[in-house]
């Protein structure tokens with residue numbers, strides 16, 4: 003079993019928690035609440051429904067075992083080293099995540115959305131998509 007194989011169950015657990023939280027929010031909120039703009043940054047518009055804290059989930063499920071770099075919309079600067087006290091030079095893995103791919107259609111209940119996560123060993127700025135070992 004590779005190191006990447008050991009991470010996969012934690013990623014699946016994170017995905018399940020995000021799905022449950024988003025489903026509950028969609029069932030208990032009106033589309034007007036879900037579609038409120040939370041932040042309109044340079045990268046993307048972040049809506050209320052997007053405020054699922056994948057940062058917290060990755061910190062409690064994965065970063066407690068080894069330092070990671072999480073790259074995601076809605077994070078300050080688009081990235082966060084987790085756990086928060088870790089140095090980027092200690093990072094073992096780079097995670098790129100989109101907790102809700104398809105936000106606009108989902109918040110109006112027009113179609114499904116997806117949770118996307120890719121994981122690659124940290125090679126610093128030289129890390130590319132060809133390094134990805136997990137894509138879920």
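Residue numbers (the working numbering): 3 to 138.
Cβ atoms here follow ideal geometry from the backbone N, Cα and C, with glycine treated the same way.
Residue 127 carries a strand assignment under DSSP once its states are collapsed to helix, strand and coil. For the pair residue 64 and residue 101, the CB atoms are not nearer than the 7 Å cut-off. Residue state for residue 83 is assigned as strand, using DSSP reduced to three classes. The Cβ atoms of residue 96 and residue 71 sit closer than 7 Å to each other. Residue 22 sits in a helix when the DSSP states are folded into three classes. Taken atom to atom, the span from the alpha-carbon of residue 127 to that of residue 34 is near 40 Å.
From the listed residues 46, 67, 68 and 66, the smallest Cα separation to residue 79 is found for 46. Here DSSP, grouped into helix, strand and coil, assigns residue 121 to strand. Per DSSP, reduced to three states, the secondary structure at residue 39 is strand. Apart from sequence neighbours up to five positions away, no residue of its chain approaches residue 131 with a beta-carbon distance below 6 Å.
At the C-beta level, residue 120 and residue 98 come within 7 Å of one another. If the five residues before and after residue 135 are omitted, its C-beta is found closer than 8 Å to the C-beta atoms of 4, 6, 121, 122 and 123, all from its own chain and listed in chain order.
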